[in-house]
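*Asks:*
Protein chains in written order, with the working numbering: chain A, 1 to 261; chain B, 1001 to 1357; chain C, 2001 to 2057.
Set out below in structure tokens:
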């Protein structure tokens, strides 16, 4: 029989090492599913914005979907662009206010399905933006349909027997594609299925924003997140499923960093 | 002030610079391409930003992003290209971002699109249509003023004939009432202060400062659009008091109609002329008054009957309304065809006069 | 995890002995339920060793 420690209050003289939620979040009550990985990614982004002291000079352009629901709780000047168009909207914003830090935060359905043209051309132009792709391989907000990043074999509402290349084509590895563009200076892919992954994701988010501050080209940080609802798995099986499917198929790490030559 | 010989496209570009436009993005499509190229040439030199966008869709979204940050921004295309922009135009009406769209049509078949729009929601778009190059130069400046004043999108509707006609004009800046500063602009300065902005069509605000929400917001917008409708319509009319046949036309076609009506008047024929300058808000009450005594209200437009709908909505006893225009293009489908010709118009109006005898 | 649900209807994490305050729990939790503290335990015979606790809601 394990003895549990009373956690109703920290002991005297304790030093806080980690807070419940990031300072730039007005409420920790998100309304996303249990086990959703998006809040972890959002927390990372907001923590880094705080650490880099980007308050009062940052504009976020969110996409449509579950990640867009943070428009009311992120303490960030934000707009929600039309589905997929965040990079275009962000282009207009950054060109008019080049001294602000402008980032997009989009799901895979938003960026890679609907908005493929926008992200590619924005990257080709080398706009000095940081684009965050929260990739869970489904259109979560509409119930879990296939997107351009769903992996082969993945069961979704529109590929219920599993994504089959002959019928549904192949996933698009947008990070790999954009890494080949000269106007893109930083591309990295991380995941939030375990603590090490979260730690690395935070490093990549920081580097991506620093690229914008250093005036380099477009930075893309892809964060693979859990969607147990969209994946038809129990809540606590989400991280394992992510590790065995999307993370395995896509691979994690830095794909391009022009600052390291 | 000296006069300069410019075509319509260049005149509109110069007017944009005078209006302080700082951002233009577009996609080439005849006959709006000349305007795009003029802006590519002139706007960066004037300190603005020009982007040759990958699609009409991204062009309008970029312009909206620019407008959101508080700067005057515009995009343009021909009607077939503005088709792709419908969602974004509606969206910017609903989140109250000023935007000007230049619709340079091939004929006059873009009226319904420009006044009704194909986007979603209870939204309106101001639409002005010049009859000639000097008026295009003035209305360009006006539409930037109106869209800023009311924080909504506006369309300047014209056609390839005007865009390519050279006229010598004075590059005179128009004067408008002063407008308040754009303190609503999304500029990033509120991030992290607890007072950050949620700039979106559903007006949800932030957790600690909720907005009114979609239902109230959209209702407020509808009331704003009604106010604009009641106060901002513009039109031109001549010889309407005793006109037996009143001819209604817009844009370039109206200039031809005006010429025909004036010529017929010198011969003592009782014809009149009514030209809406704002296609939205359509000058409904003014047309009702102007047409009260006419036996026939003739609508001349180079399409199968688009402004016809608004004329019928405006006049009492719409059985008096006759469409005397039609679709007319050349073999390429890109230019106004032979129907836009003074003798042709005159013959059609003459027939209506004679029918009454 | 607890065997009973809290007032929000969720099972919640319980803290057992041996926590080192690595903050891994806080890193991975999408519901922001963890706050991590470190302190020097007065009971511990080896000076300077730290313990940690986790506050949950």
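Note that CB positions come from ideal geometry on N, CA and C, so glycine has one too.
Using C-beta distances below 8 Å, list every residue in its chain close to residue 1315 of chain B, excluding the 5 sequence neighbours before and after it, in chain order.
*Replies:* For residue 1315 of chain B, where only same-chain residues beyond five positions count, the Cβ hits under 8 Å are 1287, 1288, 1291, 1297, 1321.
*Asks:* So within the segment 21–58 of chain A, which uninterrupted alpha helix (DSSP H) runs reach at least 4 residues, ignoring any that extend past its ends?
*Replies:* The qualifying runs are 38–51.
*Asks:* Output yes or no for whether 8 Å exceeds the beta carbon distance between residue 1140 of chain B and residue 1098 of chain B.
*Replies:* For residue 1140 of chain B and residue 1098 of chain B, no; Cβs fall outside 8 Å.
*Asks:* Looking at the structure shown, is residue 98 of chain A part of a helix, part of a strand, or coil, going by DSSP?
*Replies:* Three-state DSSP puts residue 98 of chain A in coil, outside helix and strand.
*Asks:* Determine whether the beta carbon atoms of residue 1072 of chain B and residue 1128 of chain B lie at a separation below 8 Å.
*Replies:* No; because the gap between Cβ atoms is not below 8 Å, this pair is not in contact.
*Asks:* Contact criterion: CB-CB distance below 8 Å. Does residue 3 of chain A meet it with respect to chain C?
*Replies:* With 8 Å as the cut-off, residue 3 of chain A counts as an interface residue toward chain C.
*Asks:* Can you grab the Cα-Cα spacing for the pair residue 1052 of chain B / residue 1023 of chain B, in whole Å?
*Replies:* If I take the Cα positions, the gap works out to 11 Å.
*Asks:* What does residue 62 of chain A pair with, by DSSP beta-bridge criteria?
*Replies:* DSSP, once it has assigned bridges, lists A:80, A:105 as partnering residue 62 of chain A.
*Asks:* Closest to residue 1243 of chain B by C-alpha separation, out of B:1193, B:1295, B:1210, B:1182, would be which residue?
*Replies:* The shortest C-alpha separation from residue 1243 of chain B is found at B:1295.
*Asks:* Three Cβ pairs or more, each shorter than 8 Å: is that satisfied between the segment 1123–1138 of chain B and the segment 1219–1236 of chain B?
*Replies:* Yes, they touch.
*Asks:* Quick check on the burial criterion: 16 or more other C-beta atoms within 10 angstroms. Buried or exposed for residue 2010 of chain C?
*Replies:* Residue 2010 of chain C comes out exposed.
*Asks:* Check each residue of the segment 3–17 of chain A: if its Cβ is closer than 9 Å to any Cβ of chain C, include it; give the result in chain order.
*Replies:* Result list: 3, 4, 5, 6, 7, 8, 9, 10, 11, 12, 13, 14, 15, 16, 17.
*Asks:* Please tell me whether residue 252 of chain A and residue 173 of chain A are closer than 8 Å, where the distance is taken between their beta carbons.
*Replies:* Not in contact: residue 252 of chain A and residue 173 of chain A (Cβ atoms no closer than 8 Å).
*Asks:* If we count Cβ pairs, one from each stretch, closer than 8 Å, do we get three or more for the segment 1108–1123 of chain B versus the segment 237–256 of chain A?
*Replies:* Not touching, per the Cβ criterion.
*Asks:* Can you grab the Cα-Cα spacing for the pair residue 143 of chain A / residue 219 of chain A, in whole Å?
*Replies:* If I take the Cα positions, the gap works out to 30 Å.
*Asks:* Please state whether the Cβ-Cβ distance between residue 1346 of chain B and residue 1264 of chain B is less than 8 Å.
*Replies:* Closer than 8 Å, so yes.
*Asks:* Leaving out the 5 sequence neighbours to the left and right, which residues in its chain are closer than 6 Å to residue 243 of chain A when beta-carbon positions are compared?
*Replies:* Correct list, in chain order: 193.
*Asks:* Determine the direct distance from the alpha carbon of residue 2018 of chain C to that of residue 2026 of chain C, and round the result to whole angstroms.
*Replies:* One C-alpha to the other measures close to 16 Å.
*Asks:* Compare the C-beta of residue 2060 of chain C with all C-beta atoms of chain A and state if any pair is closer than 8 Å.
*Replies:* In the structure displayed, chain C extends from 2001 to 2057; residue 2060 of chain C sits before or after that span and is not available.
*Asks:* To the nearest angstrom, how far is the alpha carbon of residue 1256 of chain B from that of residue 1239 of chain B?
*Replies:* Between residue 1256 of chain B and residue 1239 of chain B, the C-alpha separation is close to 16 Å.
*Asks:* Can you look up residue 1210 of chain B in the DSSP assignment and give me helix, strand or coil?
*Replies:* In the structure shown, residue 1210 of chain B sits in a strand (DSSP, three-state: E or B).
*Asks:* State the Cα-Cα distance for the pair residue 1355 of chain B and residue 1268 of chain B, rounded to the nearest angstrom.
*Replies:* The straight-line gap from Cα to Cα measures roughly 17 Å.
*Asks:* Short check: CB of residue 1273 of chain B to CB of residue 1247 of chain B, under 8 Å?
*Replies:* Against a cut-off of 8 Å, the Cβ pair of residue 1247 of chain B and residue 1273 of chain B comes out as a contact.
*Asks:* What residue range is occupied by the uninterrupted alpha helix (DSSP H) comprising residue 1276 of chain B?
*Replies:* Element bounds for residue 1276 of chain B: not the alpha helix (DSSP H) but the beta strand (DSSP E), 1271–1276.
*Asks:* Please work out which residues of its chain come closer than 7 Å, Cβ to Cβ, to residue 68 of chain A, disregarding the five sequence neighbours upstream and downstream, and give them in chain order.
*Replies:* Within the same chain, residue 68 of chain A has close Cβ partners 62, 80.
*Asks:* Going by the beta-carbon positions, is the gap between residue 1064 of chain B and residue 1093 of chain B smaller than 8 Å?
*Replies:* Contact: no.
*Asks:* Taking Cβ-Cβ distances shorter than 8 Å, what residues in chain C pair up with residue 39 of chain A?
*Replies:* Neighbours of residue 39 of chain A on chain C, chain order: 2030, 2031, 2032.
*Asks:* Are at least three pairs of beta-carbons, each pair with one atom in the segment 202–211 of chain A and one in the segment 1005–1022 of chain B, less than 8 Å apart?
*Replies:* No: the two stretches stay apart, fewer than three of their Cβ pairs being nearer than 8 Å.
*Asks:* Does the beta carbon of residue 1186 of chain B come closer than 8 Å to any beta carbon on chain A?
*Replies:* Taking Cβ atoms only, chain A reaches closer than 8 Å to residue 1186 of chain B, which makes this a yes.
*Asks:* Please return the same chain residues whose Cβ sits closer than 7 Å to the Cβ of residue 1206 of chain B, not counting the five positions on each side in sequence.
*Replies:* If we look at residue 1206 of chain B and ignore the five residues flanking it on each side, its Cβ neighbours are 1196, 1198.
*Asks:* Let me see if you follow: with CB-CB separation under 8 Å, is residue 2035 of chain C close to chain A or not?
*Replies:* It does: the Cβ of residue 2035 of chain C has a partner Cβ on chain A nearer than 8 Å.
*Asks:* Nearest CA to the CA of residue 137 of chain A: which residue from A:119, A:123, A:157, A:46?
*Replies:* When only C-alpha atoms are compared, the closest one is A:157.
*Asks:* Alpha carbon to alpha carbon, how far is residue 17 of chain A from residue 2021 of chain C? Give it in angstroms, no decimals.
*Replies:* Each residue's Cα considered, the two are about 8 Å apart.
*Asks:* Counting contacts by CB-CB distance shorter than 8 Å, is residue 2038 of chain C in contact with chain A?
*Replies:* For residue 2038 of chain C, the answer is yes, since a Cβ of chain A falls inside 8 Å of its Cβ.
*Asks:* Would you list, in sequence order, the uninterrupted beta strand (DSSP E) runs of no fewer than 3 residues that lie entirely inside the segment 1065–1152 of chain B?
*Replies:* Qualifying beta strand (DSSP E) stretches, in chain order: 1073–1077, 1099–1105, 1126–1128.
*Asks:* Determine, using beta carbons only, whether residue 225 of chain A and residue 90 of chain A come nearer to each other than 8 Å.
*Replies:* Not a contact, by the Cβ cut-off of 8 Å.
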